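Protein chains: 2
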Amino acid sequence: MVKSKVWILKKMFEGNAKASDFELEEEDVSDNLKDGEFLIEALHWSVDPYMRSVDTGLLVPRNCMPGEQLSKVIASKNSSHPVGNVVRAFVGWRSHTLITNVQLQGIGQMPEMGDLPLSLALGILGMTGMTAYFGLLEICQPKESETVLVNGAAGATGYIVGQIAKIKGCKVVGCAGTDAKCKWLKELGFDEVFNYKKVDLSEALKAAAPDGFDCFFDNIGGEFTATALKHMKQYGRVALCGHISTYSDQEPPKGEYPFYNMLSKQLKIQAFNVMQFMSRWAEGEKVMAEWIKEGKIKYRESITKGFQNMPSAFIGLFDGANTGKAIVSA
Amino acid sequence: MVKSKVWILKKMFEGNAKASDFELEEEDVSDNLKDGEFLIEALHWSVDPYMRSVDTGLLVPRNCMPGEQLSKVIASKNSSHPVGNVVRAFVGWRSHTLITNVQLQGIGQMPEMGDLPLSLALGILGMTGMTAYFGLLEICQPKESETVLVNGAAGATGYIVGQIAKIKGCKVVGCAGTDAKCKWLKELGFDEVFNYKKVDLSEALKAAAPDGFDCFFDNIGGEFTATALKHMKQYGRVALCGHISTYSDQEPPKGEYPFYNMLSKQLKIQAFNVMQFMSRWAEGEKVMAEWIKEGKIKYRESITKGFQNMPSAFIGLFDGANTGKAIVSA
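Here the protein sequences come in this chain order: A and B.
If you count the first sequence from 1, you need to add 1 to reach our numbering.
If you count the second sequence from 1, you need to add 1 to reach our numbering.
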């Protein structure tokens with residue numbers, strides 16, 4: 002037997018997530034492997050806002066918190082996954098996991114990493130990178146010299162969206178919640194940046210792009226979305242990626258329906274989930290790795306040390322504690 | 002000189018349009034034509050909900066009401082438009098109009114009509130037909146055996162949307178505001194029909210399509226839209242065509258933001274205007290005329306006699322007075 006540490010959700014979130022919502026348990030994991038099985042030990046865990054998504058039915062009290070980890074194979078009766086191999090595993094907030102045939106579908110190939118840090122496979126060379134890549138290029142379809150808006154721009158997905166838009170020859174407007182984040186975004190090449198906590202949003206959007214936006218990559222949702230829609234150009238494209246501003250709300254936000262602006266400007270709003278592009282991840286990860294090697298895209302991680310700190314790293318996402326991708330390392 | 006009758010908007014609409022908002026004036030139109038000019042006399046006028054669209058900036062008090070008419074050339078110094086020719090002219094609610102070079106861009110070619118009634122060029126073989134054709138096929142992109150929802154289904158665009166969806170092998174759910182309209186929709190081949198005034202909308206949608214809708218062609222807007230979004234399937238596509246339910250509102254409707262359902266199901270909502278497909282109208286009109294000749298699509302018009310009745314025909318649109326396309330004939 003191997004002892005696995007497991008973070009479970011003690012009770013459903015009410016309002017903001019708090020430390021007392023989680024409980025660290027120990028679980029016995031068999032190391033008496035059957036043919037095809039292997040045992041993994043986590044090196045890095047991803048923490049992401051979507052893990053909060055109670056409304057998707059993903060979470061049930063007394064369940065292990067969901068999520069992706071980067072793990073090393075420590076015992077194996079599966080020739081495709083020999084001991085020492087590293088895999089991406091969607092098995093939740095756990096230290097050790099027995100991968101049976103049933104769970105094999107949660108095991109993903111690693112991208113070609115070269116000399117890059119392994120943990121990038123959970124971020125820019127993984128889920129958040131592919132979210133930025135396919136969300137911007139496939140849903141927004143930005144064209145050269147168009148103007149792109151991205152909110153939550155210093156977050157795990159936003160900072161990549163802005164850099165890809167620059168590669169594509171766009172003018173990029175981003176916003177974040179601290180002056181330090183804004184300064185960093187300017188260093189990354191964002192054309193216009195503002196701290197949304199210090200401005201009137203509508204005025205700031207107007208000042209940043211007097212003629213409006215062709216594309217809007219939305220990580221925030223709620224009132225931000227409704228306001229930004231008023232600043233779109235005709236035939237504008239909006240990619241709905243997340244709505245972190247509302248995850249902790251007890252009631253759905255209310256306000257003016259957005260349909261007026263949509264009709265008068267023939268806007269498209271499309272919500273997406275990066276999983277719908279799963280079959281093309283290898284293609285996207287290859288391009289992203291090249292951009293990193295060529296210096297066209299910079300990456301950044303906010304790393305928290307220690308599995309015991311999973312809840313605080315997760316709670317920090319909603320306070321804007323992270324810049325770039327939030328990772329917990331063993 | 003020729004005397005033209007002209008319906009002008011006396012003052013901006015407040016709430017529902019009423020007869021006293023309009024005034025019938027007479028205007029002198031020169032028949033002393035310069036080279037390239039021609040004079041037209043209207044045979045049929047289109048009345049459409051979009052004419053209400055104050056928010057688009059289309060309407061200004063003391064302006065002629067906007068809109069399309071079918072007209073005969075009665076004098077001409079333009080060899081492309083000889084006397085006796087019939088044209089579609091976007092010149093507003095007027096009986097006689099001098100077409101100068103400046104106004105030529107408002108003059109459209111007629112579709113191939115064969116033996117069909119001329120007035121169809123303002124409806125199924127014109128703007129509302131092309132709205133249905135391109136809105137459904139290009140924006141919703143329905144696939145065989147998918148389920149399509151259309152509201153305002155007995156209106157000028159809705160009844161065509163439903164019939165095209167049937168041709169494409171879809172299950173079609175429609176709703177309208179009278180039992181007579183619902184009965185007619187069943188005759189047209191709609192699979193499920195309900196009178197939205199007599200049901201709980203959410204329950205009726207659930208009953209009509211327990212597994213949800215793949216496509217939703219929205220003519221109504223407002224709360225209907227927000228409710229219907231909850232009944233979409235994953236990857237559902239919504240074409241926002243109009244929002245007649247809200248045109249007379251003084252304030253934009255408020256309610257739950259629709260973004261929750263969009264994100265959890267990766268929905269696409271795209272607002273469109275048929276003018277964006279202008280370059281392809283001839284293609285769409287040809288297909289539509291063939292479907293009519295083959296008996297695959299039936300057409301229907303609600304014809305009001307007399308130019309003096311333009312306001313009442315227009316006001317009737319918002320009371321559900323018309324079934325099919327509303328036309329005023331000289």
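We put the CB at the ideal spot given by N, CA and C, even for glycine.
Quick caveat: nothing in here was measured; it's all calculated off a predicted structure.
Secondary structure of residue i, DSSP reduced to three states
i              : result
K167 (chain A) : helix
F315 (chain B) : helix
I304 (chain A) : strand
Q277 (chain A) : helix
R63 (chain A)  : coil
E27 (chain B)  : strand
Q267 (chain A) : coil
K326 (chain B) : strand
A331 (chain B) : coil
T179 (chain A) : coil
T148 (chain B) : strand
V162 (chain B) : helix
L126 (chain B) : coil
F260 (chain B) : helix
G156 (chain A) : strand
A18 (chain B)  : coil
E42 (chain A)  : strand
K4 (chain A)   : strand
V239 (chain B) : strand
V174 (chain B) : strand
L10 (chain A)  : strand
K255 (chain A) : strand
S246 (chain B) : helix
S54 (chain B)  : coil
Pair within 8 Å by beta-carbon distance, residue i and residue j
i              : j              : result
P112 (chain B) : L126 (chain B) : yes
L123 (chain A) : L71 (chain A)  : yes
K294 (chain A) : G68 (chain A)  : no
F23 (chain B)  : W8 (chain B)   : yes
M311 (chain A) : V48 (chain A)  : yes
C65 (chain A)  : T132 (chain A) : no
M233 (chain A) : L202 (chain A) : no
Y236 (chain A) : L189 (chain A) : no
I328 (chain A) : Q164 (chain A) : no
A154 (chain A) : A177 (chain A) : yes
V84 (chain A)  : S77 (chain A)  : yes
L186 (chain B) : V194 (chain B) : yes
R53 (chain A)  : Y300 (chain A) : no
R281 (chain A) : F135 (chain A) : yes
F214 (chain B) : V149 (chain B) : yes
A18 (chain A)  : F319 (chain A) : yes
T98 (chain A)  : I41 (chain A)  : yes
Y258 (chain A) : K255 (chain B) : yes
Residues that residue i contacts on chain E, provided the C-beta gap is smaller than 7 Å
i              : result
Q271 (chain B) : The chain inventory of the structure shown lacks chain E, comprising the protein chains A and B.
Residue i at chain A interface by Cβ criterion, 8 Å
i              : result
N274 (chain B) : yes
| request: Could you name the residues of the segment 240-267 of chain B whose beta carbon sits closer than 9 Å to any beta carbon of chain A, in the order they occur along the chain? | output: L241, C242, G243, H244, T247, E252, P253, P254, K255, G256, E257, Y258, P259, F260, Y261, N262, M263, L264, S265, K266 and Q267
| Fully enclosed by the segment 185-236 of chain B, which alpha helix (DSSP H) runs are 4 residues long or longer? | The qualifying runs are 202-209 and 223-230.
| query | Using a Cβ cut-off of 8 Å, which residues of the segment 222-237 of chain A contact any Cβ in chain B, in chain order? | reply | G222, G223, T226, A227 and Y236
| message | Suppose only complete runs of 3+ residues qualify. What are the beta strand (DSSP E) ranges in the segment 70-114 of chain A, listed by chain order? | response | 70-77, 87-90 and 97-100
| Between the segment 273-296 of chain A and chain B, which residues of the former have CB atoms less than 8 Å from a CB of the latter, in chain order? | F273, N274 and Q277
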